[in-house]
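Trainee: Protein chains in written order, with the working numbering: chain A, 820 to 938; chain B, -19 to 550. Below you will find the structure I want to go over with you.
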């Protein structure tokens, strides 16, 4: 897991550089801020959501498809939570955190169950 | 370094390169190489402004229960009818990154395009890494200004994100045998439902065919008991469908009660899109890459014959990505079977959807003519990467077209912002003809009731002035509003009625009945500029005052409302 987190951090740098290269007239700080926002909203939650398939799929595949899954899930959850009364302005920190926490807990739970079954 | 690790590094480098290239050639070029702008960049038509204005209205409201009144002709109870995912994702990015919603929307669409290429790669990867690499050259077409990216910036934004979810659903279907694999398929499928639902319908037709093929095969084998066996065999897929329906349970009744009723299926044969004639995609738009697609069709047909036993369980077969791709090719020709705009839209994502076919075709051509099948695995992969880079360079060299930077500019944008920030909420704004504001959804950004004088009526007004010396004050104007779904409002939790019968989306309006005037001062044609400036002088002579002025646009306040607001001619 530590190794994957290091790769995740390296990918953040690669993503920020990709943004800066493509949008080269934009300031470095804005490119970094944008990369950080997208990472927090979609990439990290996507990575967490895909932890369940950690031993079945490669990291690159999990990160890419996890990001797509996180865009879908975040959009859906944000819509319903907004209708329930939590305004969008208050969701930017809570929503990704909730997805990350729920995914991580599910991963731990299923990993523990799997270990028990193996024993 | 072992082979697996070496190939893994090569793969990561390839994907990062293509991701960056897609952004660079497409979305970043549209955005003039900047993430943030002082006006919407890349927005080229009314529909794109409609999505931008809706995203901004949701940001301001903090949720999407109802449409903002200025988008739906003043109604305050029209239900938020559009699939919401794109808007919510946009607002979250906008809020967190501190950027305008128009920039966040374009950024998300850019990411959807670039991620679409990566998703197409992983969908193809079930056929092997080398084949998957060959899927990438075709995906680059998504970044070309005409017709692909151009159509997206013309307003096919929700479609683009939905196309990404569509490919991701196909990928997830190939992973259904993984533990809890159905969850991924459910999320992606629900994503298509709640982003742009027509893609769900196309996919549902394919899945229905897959399930039918599986059931028929099981019945042939086990008789009527085969139905039970088919259900068991496709349990994960059925679970995914049920979970997706549960996730989208609140939105699906809205889709059926609003969209299906407003836009029912009608048989019609269309060769060119009536809605987007300039953005109609034809297979020949792929140039020499069409040969790869055709080779892919032939190779898929041969493989399908060879592996016909696998039709009983297609979702577990390597055939699935290829059949999905071939199906999307056929679905794009649904324009000849009444699917009209929806099939034309599907064609816009052909560079992503047909990538598995093109990859398979190219791979088999390489095996046949260059004998790469005889190379060791690592060399085979490296050779395919080299061919991928060559094909990509050639395809973009021959077919790349710079995308449009859009129609809006800072002055005209600020004029609308001035109106939204400085006029009473119930003020009405009369907009003289403008080649920019003629994309009338852009006028939602005034957040006021607007009357837009179309070119024909504008010419009529000028003609009457020229012939009689009197300005004909009353003209037929457009009242910009999103009237497609007929202004639906709730009559129950899942029942709707419509305001359309009592709502005017165009009307005869007296120019002097407006509170404000929005006047474009700079046309490419000097005559139009002179005409608008002349009308502006008449309004100023009739006791209007200039409230906002810039080289391109001005806002006047009518101080003689419902009286004679036209001054004497010079």
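Note that beta-carbon positions come from the ideal geometry of N, C-alpha and C, so glycine has one too. On a predicted model such as this, the values are computed, not experimentally measured, just so you know.
1. Expressed to the nearest angstrom, what Euclidean distance is found between the alpha-carbon atoms of residue 398/B and residue 73/B?
2. Within 10 angstroms of its Cβ, does residue 23/B collect 16 or more other Cβ (buried), or is it exposed?
3. So which of 141/B, 290/B, 189/B, 43/B has the shortest CA-CA distance to residue 904/A?
4. How would you list, in chain order, the residues of chain B whose beta-carbon sits under 7 Å from the beta-carbon of residue 814/A?
5. In whole angstroms, what is the alpha-carbon distance linking residue 525/B and residue 547/B?
6. Along the chain, where does the beta strand (DSSP E) containing residue 471/B start, and where does it finish?
7. For residue 500/B, which three-state DSSP category applies?
8. Where in the stretch 380 to 409 of chain B do unbroken runs of the beta strand (DSSP E), each at least 3 residues long, occur, reported from the N-terminal end onward?
9. Can you tell me where the beta strand (DSSP E) with residue 527/B in it begins and where it stops?
10. So which residues on chain A does residue 16/B lean against when the C-beta distance must stay under 8 Å?
11. Along the stretch 897 to 922 of chain A, what residues have a CB closer than 9 Å to any CB found in chain B?
12. Any idea what DSSP makes of residue 475/B, helix, strand or coil?
13. Output the boundary residues of the beta strand (DSSP E) element that contains residue 432/B.
14. Going by CA-CA distance only, name the one from 311/B, 371/B, 523/B that's closest to residue 178/B.
15. When you compare each of 922/A, 895/A, 835/A, 936/A to residue 173/B by their alpha carbons, which one comes out closest?
16. Do you know offhand how far residue 189/B's Cα is from residue 422/B's?
17. On a CA-only basis, which of -13/B, 433/B, 82/B, 202/B is nearest residue 29/B? Give me that one, please.
18. If I follow the unbroken alpha helix (DSSP H) through residue 21/B, where does it start and stop?
19. Alpha carbon to alpha carbon, what distance is there between residue 834/A and residue 995/A?
20. Helix, strand or coil for residue 534/B, going by three-state DSSP, please let me know.
21. Closer than 8 Å, Cβ to any Cβ of chain A: which residues of the stretch 165 to 178 of chain B, in chain order?
22. Take every Cβ of the stretch 319 to 326 of chain B, pair it with every Cβ of the stretch 244 to 259 of chain B, and state whether three or more of those distances are shorter than 8 Å.
23. Given this structure, state the Cα-to-Cα distance separating residue 832/A from residue 854/A, to the nearest angstrom.
24. List the residues of chain A whose Cβ lies closer than 7 Å to the Cβ of residue 102/B, in chain order.
25. Using the beta-carbon count (16 or more within 10 Å), is residue 40/B buried or exposed?
26. Under 6 Å Cβ to Cβ from residue 859/A, same chain only, skipping five residues before and after it: list those, please.
27. Among 429/B, 444/B, 430/B, which one has its Cα closest to the Cα of residue 436/B?
28. May I ask you to check if the CB of residue 100/B is nearer than 8 Å to at least one heavy atom of the ligand ATP?
29. Between the alpha carbons of residue 324/B and residue 26/B, how many angstroms are there, rounded?
30. What is the DSSP secondary structure of residue 539/B, counted as helix, strand or coil?
31. Spatial neighbours of residue 279/B within its chain, please: CB distance less than 7 Å, with the 5 preceding and 5 following residues excluded, ordered by chain position.
32. If you measure between the beta carbons of residue 508/B and residue 413/B, is that distance less than 9 Å?
33. Report, in whole angstroms, the separation of the C-beta atoms of residue 184/B and residue 168/B, which I expect to be a contact under 8 Å.
34. Within a Cβ cutoff of 7 Å, which residues of the same chain sit near residue 306/B, ignoring the five residues on either side of it in sequence?
35. Between residue 875/A and chain B, is the shortest Cβ-Cβ distance under 9 Å, so that the two count as touching?
36. Compare the C-beta of residue 825/A against all C-beta atoms of chain B and say whether one is closer than 9 Å.
Mentor: This is what the structure gives:
1. Start at 1 with the first residue of the second chain, and residue 398/B comes out as number 418. Start at 1 with the first residue of the second chain, and residue 73/B comes out as number 93. Straight-line Cα distance between these residues: approximately 25 Å.
2. As a position in the second chain, residue 23/B is number 43, starting the count at 1. Burial call: buried.
3. Position 85 of the first chain, counted from the start, is the residue given in the question as residue 904/A. Of the candidates 141/B, 290/B, 189/B, 43/B, the one whose C-alpha sits nearest the C-alpha of residue 904/A is 43/B.
4. Any question about residue 814/A goes unanswered here, given that chain A covers just 820 to 938.
5. Within the second chain, numbered from 1, the residue matching residue 525/B stands at position 545. Within the second chain, numbered from 1, the residue matching residue 547/B stands at position 567. The alpha-carbon atoms of residue 525/B and residue 547/B are separated by roughly 12 Å.
6. The residue you call residue 471/B lines up with position 491 of the second chain. Segment 468 to 472, the beta strand (DSSP E) holding residue 471/B.
7. As a working note, residue 500/B is residue 520 in the second chain. Strand, per DSSP.
8. none
9. Mapped onto the second chain, residue 527/B falls at position 547. Element bounds for residue 527/B: 524 to 529.
10. On the second chain, residue 16/B is found 36 positions in, with the first residue counted as 1. Correct list: 845, 849.
11. 897, 898, 899, 900, 901, 902, 903, 904, 905, 906, 907, 908, 909, 910, 911, 912, 914, 915
12. Start at 1 with the first residue of the second chain, and residue 475/B comes out as number 495. In the structure shown, residue 475/B sits in a strand (DSSP, three-state: E or B).
13. The residue you call residue 432/B lines up with position 452 of the second chain. Run containing residue 432/B: 429 to 432, per the beta strand (DSSP E) assignment.
14. Start at 1 with the first residue of the second chain, and residue 178/B comes out as number 198. It is 311/B.
15. Taking the second chain and counting its residues from 1, the one referred to as residue 173/B is at position 193. Checking every option, the nearest Cα to that of residue 173/B belongs to 895/A.
16. Within the second chain, numbered from 1, the residue matching residue 189/B stands at position 209. Within the second chain, numbered from 1, the residue matching residue 422/B stands at position 442. Roughly 42 Å separates the two Cα atoms.
17. By 1-based counting over the second chain, the position of residue 29/B is 49. Checked all of -13/B, 433/B, 82/B, 202/B; the closest Cα to residue 29/B is 82/B.
18. Taking the second chain and counting its residues from 1, the one referred to as residue 21/B is at position 41. Counting along the chain, residue 21/B falls outside any alpha helix (DSSP H), and DSSP gives it neither H nor E.
19. The first residue shown for chain A is 820 and the last is 938, placing residue 995/A beyond what the model contains.
20. Residue numbering aside, residue 534/B sits at position 554 when the second chain is read from its first letter. Of the three classes helix, strand and coil, the one that applies to residue 534/B here is strand, per DSSP.
21. 167, 168, 170, 171, 174, 175
22. yes
23. Sequence index remark: in the first chain, residue 832/A carries index 13 (1-based). Sequence index remark: in the first chain, residue 854/A carries index 35 (1-based). If I take the Cα positions, the gap works out to 9 Å.
24. By 1-based counting over the second chain, the position of residue 102/B is 122. The contacting residues are 880, 883, 884.
25. Counting from one through the second chain, the residue named residue 40/B turns up at place 60. Under this definition residue 40/B is an exposed residue.
26. For the purposes of this step, residue 859/A is taken as the residue at position 40 of the first chain. For residue 859/A, where only same-chain residues beyond five positions count, the Cβ hits under 6 Å are 915.
27. The residue given as residue 436/B occupies position 456 in the second chain. Considering only alpha carbons, the answer is 444/B.
28. This structure lacks the ligand ATP, and indeed carries no ligand of any kind.
29. What you label residue 324/B is simply residue 344 of the second chain in a count that begins at 1. What you label residue 26/B is simply residue 46 of the second chain in a count that begins at 1. Answer to the nearest angstrom: the Cα atoms are 18 Å apart.
30. The count along the second chain starts at 1 and reaches residue 539/B at position 559. Here residue 539/B sits in coil by DSSP.
31. On the second chain, residue 279/B is found 299 positions in, with the first residue counted as 1. Same-chain partners within the cutoff: 340, 341, 344.
32. Taking the second chain and counting its residues from 1, one reaches residue 508/B at position 528. Taking the second chain and counting its residues from 1, one reaches residue 413/B at position 433. Yes; because the gap between Cβ atoms is below 9 Å, this pair is in contact.
33. Position 204 of the second chain, counted from the first residue, corresponds to residue 184/B. Position 188 of the second chain, counted from the first residue, corresponds to residue 168/B. Not quite, the Cβ-Cβ distance comes to about 13 Å (not below 8 Å), so this is no contact.
34. Residue 306/B sits at position 326 when you count from the first residue of the second chain. Once the five neighbours on either side are set aside, the close Cβ partners of residue 306/B are 277, 280, 337.
35. As a first step, residue 875/A is located in the first chain; it is residue number 56 there, counting from the start. Closer than 9 Å: yes.
36. Taking the first residue of the first chain as 1, we reach residue 825/A at position 6. Chain B contact via Cβ: absent.
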